[in-house]
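Each residue of the sequence shown is one higher than the one before, starting from 8 at the first, in this note's numbering.
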Amino acid sequence: MRRMDPRVFQSLLPVVSTQDDKEIGVIDIPERREVLEIIIHALYDRAWLSDGGSLDHLEEALDRMSTYTIRPSLHIGASSHMHGILLQHAALSPFRVYALAARHGLQDLAVRSSTYTLVESLEALTDDLASGMGAVYLRKILCLHMERRNVIKALLAQKPSPHQASTSCTQVDRENLAFAWVLAATSFLADTSSGEYSPDFLEYHSTLTSTYQTFQTRSFFKPSLLWGMTFSATTARPLSSSIFKVSSIAGLE
8 MRRMDPRVFQ SLLPVVSTQD DKEIGVIDIP ERREVLEIII HALYDRAWLS DGGSLDHLEE
68 ALDRMSTYTI RPSLHIGASS HMHGILLQHA ALSPFRVYAL AARHGLQDLA VRSSTYTLVE
128 SLEALTDDLA SGMGAVYLRK ILCLHMERRN VIKALLAQKP SPHQASTSCT QVDRENLAFA
188 WVLAATSFLA DTSSGEYSPD FLEYHSTLTS TYQTFQTRSF FKPSLLWGMT FSATTARPLS
248 SSIFKVSSIA GLE
């Protein structure tokens, strides 16, 4: 075991190996079997239980490693079994796994698990988790969520790209579609915390509101078109790839 890390169990084992192993005697390690099993398998990078153990046991094992002069960051890399097991738990408990990775300096795990936090609200980030991950990793996860939100807002604030009128999509259809886009995007872009909208979006919304009032006086305008309309290949605007670039804390300053 000392070959894996010469400092492991330094307080329990003699610094120099003895010729007679019997001189070492019995070493008492005050840990539960589940926790000790995780620690030992992490040292040897071996798989054990099919489910990898509960997140409670995994977290306790990582927290207890420092007691035995074991640095988790030296044994839990991106290709290790422990990394894969913890990442499986990130799907259900993303903030908890991210905080655990941050607490022990597991950068690869923090990056991968941060992606799973995007499906959660920041309200799920408790005071204990925030304090446990530290200021640096807390800032990174907050920046990730805010940047992701800003990217989505910027994408939705852009009106569909115009194209030449055709029999399947006339000028009227395009105007109806543009207004439908605004109606749907307005509720999403509303910032309830500050009550602010994008200035460009407000200007565009004002223009389309006037257009809508004009449409109401014409017989060809049907409100049902707003929600029954489908995007044609020439009207649909592909999402910018920037939204996919903001998917983890990797690269965030």
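Backbone N, C-alpha and C fix where the C-beta goes; we use that ideal spot for every residue, glycine too.
Taking C-alpha positions only, Ser255 is separated from Leu107 by approximately 16 Å. Put simply, of Ser128, Ser87 and Val126 the residue whose alpha carbon is nearest the alpha carbon of Asp115 is Ser87. A residue is called buried when at least 16 other Cβ atoms come within 10 angstroms of its Cβ; His170 does not meet this threshold and is exposed. Taking the Cα positions, Thr193 is about 15 Å away from Val158.
In this structure, Leu65 and Ile45 form a Cβ contact; the two beta carbons are roughly 6 Å apart against a cut-off of 8 Å.
Ile92 has its alpha-carbon roughly 22 Å from the corresponding atom of Leu132.
Here His90 is not near Leu50, since their CB atoms are 8 Å or more apart.
The continuous alpha helix (DSSP H) containing Tyr105 extends over residues Pro101 to Arg110.
If you look at Ser138, you'll find it in the alpha helix (DSSP H) that goes Asp134 to Leu163. At least 8 Å separates the beta-carbon of His48 from that of Ser80. Here Phe102 is near Leu136, since their CB atoms are less than 8 Å apart. Each residue's CA atom was taken as its position, placing Gly139 and Thr177 some 57 Å apart. Inclusion of Glu67 and Val42 in the CB contact set at 8 Å is warranted, their separation being smaller than that value. Of the other Cβ atoms in all chains shown, fewer than 16 fall within 10 Å of the Cβ of Leu129; this residue is therefore exposed. The alpha-carbon separation between Ile36 and Ala164 amounts to approximately 60 Å.
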